[in-house]
Structures are given as C-alpha cells and as structure tokens.
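Residue numbers (this note's numbering): 1 to 266.
Given below as structure tokens:
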C-alpha cells in the first residue's frame, strides 16, 4: 500500500475480530516503524509496551480500561502502550550509550556538520553545557511527548499498511503502571489497539474535519492557507480520502456487529 492510500484508509476503527490473532511479525513491523521516526537530538524519548489481550487476566484488563477504551480492551487482540521517557535526556547526556547529539556520534557520521556550525568542539562547549545539561538536576524532563507521538503515528500507518485496523484511545494510567510495571519516569501518551477489522474498511466513512482554512495558515495566524481544490481532488483520487460519513448502511452494520460480538445494541 502506498503512503496516500494508508493515510486515506485511516479511520477510528472500533470493531475487531476478537478471535483472530495478529501475527507477531506484523507487530514488529509497527514498532520498527516507530523506531525510525524523527526524534529531537536523536534521543530515545519514545517507549512502547506490547501487550496481548489473551495473556492478561480479566482483572488486569479491567485495570487498563477507561470509558473510551473499555470495549477496545475486550475485543482488540493486541495493545501497544506508548510512553514518553522523561529520563531520556539525562540518560543521553550522562551515559552516552546511544548515537545521540550528546555522544557526538551524529557529528562523527556526518549527520551534523560544519555547514550548520556543528563540530565535536561545538557539542562539548555549547550543546552540552547550554542546551542539554541545564535543568537535569531538577529531575525528569517533560517535552518528549511530540517524539513519542511521531513514533506512534508512524506505527499507526505501518499497521494500516499491514492490513490491520487501529484505534488510538487513552488507558488508565495508574492501572497500566501496576499491570505493566512501568518506571516512574515513563509518561503515558496513548494506547494503540490493534486487530483485524470486523467492520468494513470504510468504518462508517471518512470522519468530518474542521474547515481546512481554520487549521492551517500562511505567514501569520491571521492569514488562512488558501486551499487549492484541484490539489485536494488529486489527493482524493489517489487514495487520500474516502466516502464521507455516514455511509448509508452504517446503522445496520453496527447492529450486526453488536450481535456478532455480543455488545450492547441500545
């Protein structure tokens, strides 16, 4: 599947085939995609824990639920819990185990170099003392949420490319900490619930979005980015789009899915 088709197929999938497991190689593809996402100063802020519904007890699953994810926890075969490691900057600076800016590896391999003012001396005399080290003594640092979100977004597209349905939803933070035994420095971002879709790929249709010009601007926040209808149509024709919700059969589909999965119909 090409990129535009993967983006265009993205929906809020709510109905999974609970009896069909997700193959482990596909799960690895998802987290491999997340590993390759962009990250600030090449530091490993993003962390993820893969959990399997059938490997958890009913009590453990109950601890993970929120009002928005209760049914997902019961029907999705795989969960991936995404986190921001607030201790990642300290580890990068003090331990220098990975090819981060702090370790100097990015300069050594030519990813950062003289055209942008980078050198080993610049890292040691400017970046470390003035950018990375200030504030470390204050404890875990927030700010890696964007990196974790980027990893999660790439994983989501990879899942769709693998033929899986995906839904992002919050999970109970305290319950997850108990069940998953996460460090105190791991800040929850979102849960990714995965499985093969029980519903059609249209999943009720393309959800409505705010007007384009209310979201994107040019030069300043008072100037909406003028949307070219021809470009928008080209994208829609190439797969980045879909039938707008609601599709005519959605109500009947939801009733049938509810009966099949034993879910409430009222």
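Every residue gets a Cβ at the ideal spot worked out from N, C-alpha and C, and that includes glycine.
As computed with DSSP, residue 165 is found in a beta bridge with 195. Taking a C-beta distance under 8 Å as the contact criterion, residue 106 and residue 42 qualify as a contact pair. Burial is judged here by how many other beta carbons sit within 10 angstroms of a residue's own beta carbon; residue 19 has fewer than 16 and is exposed. Separation of residue 121 and residue 102 (C-alpha to C-alpha, rounded to the nearest whole angstrom) is 12 Å. Its chain contains 33, 34 and 37 as the residues whose beta carbon lies nearer than 6 Å to that of residue 154, once the 5 sequence neighbours on both sides are disregarded; these appear in chain order. CA-to-CA, the gap between residue 112 and residue 124 works out to about 14 Å. Sequence-distant partners of residue 93 (beyond 5 residues in either direction) whose C-beta falls short of 8 Å from its own C-beta, in its chain, are 102, 128, 132, 133 and 136.
Around the beta carbon of residue 230, fewer than 16 other beta carbons lie within 10 angstroms, which makes this residue exposed. Residue 228 counts as exposed, since fewer than 16 other C-beta atoms from the protein chains shown sit within 10 angstroms of its C-beta. With respect to the 8 Å criterion, residue 148 and residue 189 are classified as neighbours on the basis of their beta carbons.
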